[in-house]
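S.K.:
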Amino acid sequence: VLSLDQDLATVRERLEESMGMGATDPSTGKTDPRRLEVIQQKVREDLRRFPHLVNFMPKLDTLYTYNPAIMASTSAGNKRRRVGSGSGAGPAGADGAGGSADALADSIRAKRREQYVDGVAETLRSISRRSRLKLEVEIPSGDMLQKSAIISSIGFNAKQEYFATAGVSKRIRIYDIQNVLEDRFRIPCPILELTWRSKLSDLDWNNQHNAHLATSDYDGMISVWDIDSGENILEYDEHEKRAWSVDFSKTDASLLASGSDDGTVKIYSTKQNRSVLTVETVANVCSVQYHPTNFHYIAVGCSDHNAYVYDLRNANQPITVLSGHSRAISYAAYSKDHELLTASTDNTLRLWNVTDGTTKRVLSGHVNHKHFVGLAIQDDWISCGSETNDLHVFHRSLENPLFSYSFEDDVGEQSSNHFISATCWKPRSNIILSASSDGNLRVLKLESE
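Residue numbering for the sequence shown is 173 to 621, as defined by my numbering.
1. Excluding the five sequence neighbours on either side, which residues of its own chain have a C-beta within less than 8 angstroms of the C-beta of serine 588, listed in chain order?
2. For the beta strand (DSSP E) containing isoleucine 603, list its first residue and its last residue.
3. What's the C-alpha gap between tryptophan 597 and lysine 371?
4. Going by CA-CA distance only, name the one from Leu547, Ala275, Pro362 and Gly557 that's closest to phenylalanine 335.
5. Could you tell me the boundaries of the alpha helix (DSSP H) in which glutamate 354 lies?
6. Which of the three DSSP states is assigned to isoleucine 299 in this structure?
7. Looking at C-alpha atoms only, which residue of Glu571, Val615, His510 and Glu403 is the closest neighbour of leucine 366?
8. In chain order, which continuous runs of the beta strand (DSSP E) of length 3 or greater are located wholly inside the segment 441-495?
9. Below 8 angstroms between beta carbons: does that hold for histidine 497 and serine 516?
10. Under 8 angstroms Cβ to Cβ from serine 536, same chain only, skipping five residues before and after it: list those, please.
11. Given this structure, state the Cα-to-Cα distance separating leucine 504 from tryptophan 368, to the nearest angstrom.
12. Comparing C-alpha positions only, which one of Thr423, Glu407 and Ile346 sits nearest to glutamine 380?
13. So, under 8 angstroms CB-CB, serine 495 and glycine 473 are touching, yes? Tell me the CB distance rounded to an integer number of Å.
14. For histidine 510, which residues of its own chain have a beta-carbon under 7 angstroms away from its beta-carbon, when the five flanking residues on both sides are left out?
15. When burial is assigned at 16 or more other CB atoms within 10 Å of the CB, is serine 401 buried or exposed?
16. Is DSSP giving serine 620 helix, strand or coil here?
17. For my contact list, arginine 301 and serine 606 are in at a C-beta cut-off of 8 angstroms; report their separation, rounded to the angstrom.
18. Report the option in Ile554, Val539, Gly546 and Arg499 whose CA atom is closest to the CA atom of leucine 523.
The following block contains the structure:
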């Protein structure tokens, strides 16, 4: 039977391996009490260094995605074999064949269990390396005279040299990330600022053209900018209502998608001055994102509480409907080729298997009833904002956040009505950018011990 004790024993073995010391004396093959004490002391020290692990360890079973039916069938198979061996019935050849098949099945189950337990151990090890969210740099809002300075979106360009912010102040600001991090004792200034005629709702950098940036706005306009020249090089004015989301294909640099309150998803080619496809949905579209490796597929989050996956080669009907949220879906983002992460104003995130439309895990712990609070993924780590003006960081294997950072700490009390409005990971790093609805931007670091 798959037991928690057995898995913890395997985790201990992995800890022993990482220390280069085992509890067993290789010369005698027996447990050496002195070695065991050293290892146990090391574990106790680690728990003191990583206090979040103390809370995490009792919830180890929340990591379990293993199918209990497999273990049930294992027990049933063992029982049948015990009964069969006692009866003595059946030809010898049949018994031999049956025994061989049972042995193969046991071997497969053992291998699956070993892989699963290794996954649990690796998750523990990954989590234990992280200790806290630390403030690196604060970039105060430069829109002191603006009634609203909400930053709606943050993103890094393909080479990770620059990041851009866009929001209701109608400005796009471009920052050099190296300058921001190295000159942290001075207020960082953008290297470029572009002004637009409408409030901006989203932005996305082109994955192949390093200087190209797309934006969506409250008038339904989709624009493509060349940051090198500072010019707006393309405009698509086709949505009838506010456009909430824009996304470049990761595999075809010329393809661009947008979603709007008019209930449509528009597909554009930057080689043409009109959209090339319109996908009619059943509700307001809050989020669109291309599949990370196949430009034929696109994920759509809607206000009808559902997310959809469309095959653009036949976009009359979605190929997958993801139903489970109880309120509007504000973000839909691929975490892996066959996994989608959604955020909803029902206070939850959901990790989905898009192949069969099932929920793999529900994550909660933040507050989100009304606003877009930001969602970003970096490998197994998820950053998500809250209407309490806190940024939360989840590990995809756990249902509750492991780390949090409050934007209210500096004032000493949560007296404002501000909320987190956008977040973004610097690719392949432990740097997180997050913005509050007051326009203040913070660069945080998920520290390792």
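We treat Cβ as the ideally placed atom computed from N, Cα and C, and that holds for glycine.
M.R.: To lay it out plainly:
1. Here residue 588 is taken as the residue at index 416 of the sequence shown, counted from 1. So the qualifying residues of the chain are Asn561, Glu580 and Asp610.
2. Here the question's residue 603 lines up with position 431 in the sequence shown. First-last of the beta strand (DSSP E) with isoleucine 603: 603-608.
3. To locate residue 597, count along the sequence shown from 1; it is residue 425. To locate residue 371, count along the sequence shown from 1; it is residue 199. Roughly 24 angstroms between the two C-alpha positions.
4. Mapped onto the sequence shown, residue 335 falls at position 163. Among Leu547, Ala275, Pro362 and Gly557, the Cα nearest to that of phenylalanine 335 is on Pro362.
5. As a first step, residue 354 is located in the sequence shown; it is residue number 182 there, counting from the start. 349-354 is the span of the alpha helix (DSSP H), which, as asked, contains glutamate 354.
6. In the sequence shown, the residue the question calls residue 299 occupies position 127. In the structure shown, isoleucine 299 sits in a helix (DSSP, three-state: H, G or I).
7. Counted from its first residue, the sequence shown places residue 366 at position 194. Of the listed residues, the one whose Cα sits closest to leucine 366 is Glu403.
8. 447-452, 457-462, 469-474, 478-483 and 492-495
9. Here residue 497 refers to the residue found at position 325 of the sequence shown. Here residue 516 refers to the residue found at position 344 of the sequence shown. A contact, by the Cβ cut-off of 8 angstroms.
10. Residue numbering aside, residue 536 sits at position 364 when the sequence shown is read from its first letter. The residues are Asn519, Thr520, Leu521, Glu571 and Asn572.
11. Locating residue 504 in the sequence shown gives position 332, where the first residue counts as 1. Locating residue 368 in the sequence shown gives position 196, where the first residue counts as 1. A small correction: the amino acid at residue 504 is alanine; leucine does not occupy that position in the sequence shown. If you take the alpha carbons of alanine 504 and tryptophan 368, they lie about 26 angstroms apart.
12. Start at 1 with the first residue of the sequence shown, and residue 380 comes out as number 208. It is Thr423.
13. Along the sequence shown, one-based indexing puts residue 495 at 323. Along the sequence shown, one-based indexing puts residue 473 at 301. Wrong, their Cβ atoms sit about 12 angstroms apart, outside the cutoff.
14. Here the question's residue 510 lines up with position 338 in the sequence shown. Counting only Cβ-Cβ distances below 7 angstroms, and skipping sequence neighbours, we find Asn525, Val526 and Thr527.
15. Residue 401 sits at position 229 when you count from the first residue of the sequence shown. So serine 401 ends up on the exposed side.
16. Along the sequence shown, one-based indexing puts residue 620 at 448. Three-state result, serine 620: strand.
17. Position 129 of the sequence shown holds residue 301. Position 434 of the sequence shown holds residue 606. Contact doesn't hold; Cβ gap of about 21 angstroms is too wide.
18. Translated into the one-based positions of the sequence shown, residue 523 becomes position 351. Closest by alpha carbon: Ile554.
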